[in-house]
Each structure stands twice: as C-alpha cells, then as structure tokens.
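Report on the following structure.
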Amino acid sequence: MGKPRLIILVRHGQSEGNKNRAIHQTVPDHRVKLTDVGMQQAKDAGSKLLDMLSPTDTVQFYTSPYVRTRSTTEGMLSSLSTHPNFDKIKVYEEPRLREQDFGNFQPCSAEMTRMWHERAAYGHFFYRIPNGESAADAYDRIAGFNETLFRQFEDPDFPSVLVLVTHGLMTRIFLMKWYHYSVEYFEDLRNINHCEFVVMKRDQNNKFVLQNKLRTWSAYQAEQRKLRALAASEANDANEATDAVDVNGLKDDKKAAALVSATADQSYGPPPQAGIRYGGCPYGCNHGRMVPNATAGTHSAAKLQRENSRKHSLIIGRDCGGTLSGNGSDADAEDADKSGNETETTKRERRERVELQAAEAKRDCEGLSDDDDPAVRLGLGVNGNGVAVGKL
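Numbered per UniProt numbering, the sequence shown spans residues 1 to 392.
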C-alpha cells in the first residue's frame, strides 16, 4: 500500500480540564480525564470515521499517551466494531504526540492569567512555559515523529488510513511542520474543536492535500468588526454607528498596535500591554524602587536608589510559589533582624507588593482565561451579545 490515502488528525474530546481549569492545580495534565460529554464526542467521532472508511480500508491509530487521548481513541474504536477489518486495526501510543508541556501543576488562576499575557506579548511559538515547553520545543519532537512516518510509509503493507489522536496545539504544530507554515501563520491559527477532524488526502501526485479550511484569528477579528459595524448601523444613527465602530474597532486596533490582520504587518496576537514589565525577577522585586521608608530619613534620591537596589525581597507565600515548607523566604539579610525574623518594615513592604500586584492583575488581566478563548487570545472582552469588544 505504501502511503496511506488519508491522514486524519483528531483532537481529544472535552476533558475535565476544559470544563474546570482549576483542576490542573491538583491533577497532572497527563491524568486529566474526559467528561461524559467528551466520551460521547469520542464515540460520535468513531461513527464519523466509520462513514469515511471503505470496506477494504485498513486503519492504524497513533495516540498521545495522555488519559484524555487514550480514552478518545477507545471511544472511537467502540464505534468501529462493525467495520469488516476491525480486527486488523493497529493502535500505537506515541509520546511525541503529547500536549505541549505547560509545567507541572499549574499555579493559581491569577498567575496563569499573567503568564498568558506574557506569552501573548512574547509570541506563542517561542515563549517557553516555566518548567515546561515552548511550541518551538514541541515542533522539534513533531519533526522527529514526521520522519518516523516517512520511513514507515515505505512499507508496502502500511494501512490505508492513518489516524492521529492528539491535542489542539499539537495538531497545529503537526500541520505547521508538514506544510512548512511560517511562525506568523501558526500563531494566527485557532484551535480545532474537540473531536474535530483535520483530513489530509493523498492526491495523484502522492502529495497530501489539506481538506479543511483552517480557522484563523485574523478572520475572527474581521468577522467581529463586521458584527460591530452591523450592530451600530442597525441603530439607524449614522453618528452613533461611526462612533461605535471607532471605539470598538479602530481605536482598539490602534491601542493594540494593529492586532491580527491578513493584510497588515502580520503582528499576530496582542502586543505587550502598556505598563506591564514581564521580564526581571520571578514574582517581582523592588530593585530600584524610589520609595522612602522608615529608615530613609532625609537621604538623597541617589542614596535611596542605591539602598533600594540592594534589596531583593521576593513575593512569596502564594499557592503557586514560596518555599517548600510554605514559610516566608528573604533574599537579603537586611530584611531580617538579628534573630532571622522579618522586620515590620519588610512585612509591610511585602504586603504592599502583594496588594499592588493583585490590583494590577485584576485591572490588566480581567476576563482572560485560556488559549481556546477568543477574549484571551486577542486581549478582548465580550459584551452581552457575545461579541468580542476591545478593552478601553
């Protein structure tokens, strides 16, 4: 047979993590299970695959080793039992198809929101998740997997249909490598839905032609602009319509430094938000803070600068950080008295930093969730009609 006639990529069904993101704080990502809805989606996907197969087709599955992808594969297989070659179906576990590593247990939602903002500012492809991977890292292992497939395709007995059960981001990474997409186009691609098929069909030239029209963020934004303009025009007030489009569209674009546009400068994703400093020390520090304190007295600004720059008090004690014992930790002996205990000044400064960071997180990151949410990916809010609008 050689090359299969079809390569089908399938995203897993709805998982408990998709339904409740907080579960990632207590359950390792690879152990997150499917919901009942996700299991039904998997069975429905199997029925869909059955309709696509001819009686003579043979099938081979590769599945990510995560629980949710294994369960999706099992659900699909349960719907294929009536196929004439069901007993010849091959199923292999392939760790290189696993999800991008987002670190170990995920931190609190406020820290995750900050991290998503940082990733959007840095770039989705190159940003490396703390203790995890970047999409570029995942690209490297997918490249190795593709080479394995090319060698296997030389086997004349290779099955006629290849099914890859994987994850949303890994589907995009696979397509990026296979079709030589640019980094910019990868970052413009949206996730496929749960148990959605991406079909690659071999043509007469032995080339695999993509059968799907992929969804992009640039197209999504263009659609949202049209919806905003339509809603404004229906108000039958020309001035109001113009203002609405300007406020929700043009000004938002200017503020966001020309968000995704198919004809613009290819600056996909939201740019860094003004006033947010993503680099520097973990969890923030007070390097160079020009803040007078109880010991400052009448010191000059230069001396205040020098004294503050020596301090390096980490913000600790959050549910996503701190020492292993859960106790406070200071990086500078100046912050403790002779007994090693925190001084009142240090406690007050740390409390102020925590309160300031919480206020900034609420102001700058409100309404964002994960990469599947358009509001997160584009840095937008959503109005009562479900239309994404720019945050002003």
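Quick reminder that beta carbons are idealized off the backbone N, C-alpha and C, glycines included.
These numbers were taken from a predicted model, which means no experiment stands behind them.
{"Check": "Candidates P95, D51, T171, of which the one nearest S81 by Cα", "Outcome": "D51"}
{"Check": "Three CB pairs or more closer than 8 Å across the region 16-30 and the region 43-50", "Outcome": "no"}
{"Check": "Inter-residue Cα distance where the pair is K3 and S109", "Outcome": "45 Å"}
{"Check": "Option in S218, M170, T216, V32 with minimal Cα separation from A143", "Outcome": "M170"}
{"Check": "Those runs of the alpha helix (DSSP H) which lie wholly inside the region 182-245 and span at least 4 residues", "Outcome": "183-188, 217-233, 238-245"}
{"Check": "Between the CA atoms of Y181 and F125 - distance to the nearest angstrom", "Outcome": "12 Å"}
{"Check": "Cut-off 8 Å between Cβ atoms - residues of its own chain near L149, not counting five sequence neighbours on either side", "Outcome": "L162"}
{"Check": "Cutoff 6 Å; reference I8; Cβ partners in own chain excluding five residues on either side", "Outcome": "V163, F197, V199"}
{"Check": "Simplified DSSP assignment, three categories, for I89", "Outcome": "coil"}
{"Check": "Segments of 4+ residues assigned as alpha helix (DSSP H) that fall wholly inside the region 60-136", "Outcome": "67-78, 109-122"}
{"Check": "Counted within 10 angstroms of its Cβ, other Cβ atoms place P159 as buried (16 or more) or exposed", "Outcome": "buried"}
{"Check": "Stretch pair the region 118-133 + the region 90-97: three plus CB contacts closer than 8 Å", "Outcome": "no"}
{"Check": "Where the beta strand (DSSP E) through V163 begins and ends", "Outcome": "161-166"}
{"Check": "Where the alpha helix (DSSP H) through L50 begins and ends", "Outcome": "36-52"}
{"Check": "W178 in three-state terms, based on DSSP", "Outcome": "helix"}
{"Check": "Coil, strand or helix - R141 by DSSP", "Outcome": "helix"}
{"Check": "Selection from D157, F153, N193 that minimises the alpha carbon distance to R172", "Outcome": "N193"}
{"Check": "Pick from V209, F86, L189 that is closest to A56, judged by C-alpha positions", "Outcome": "The residue asked about is misnamed: residue 56 is Thr in this sequence, not Ala. Per the Cα distances, F86."}
{"Check": "Proximity winner among Q14, F153, V27, D29, relative to G38 (alpha-carbon distances)", "Outcome": "Q14"}
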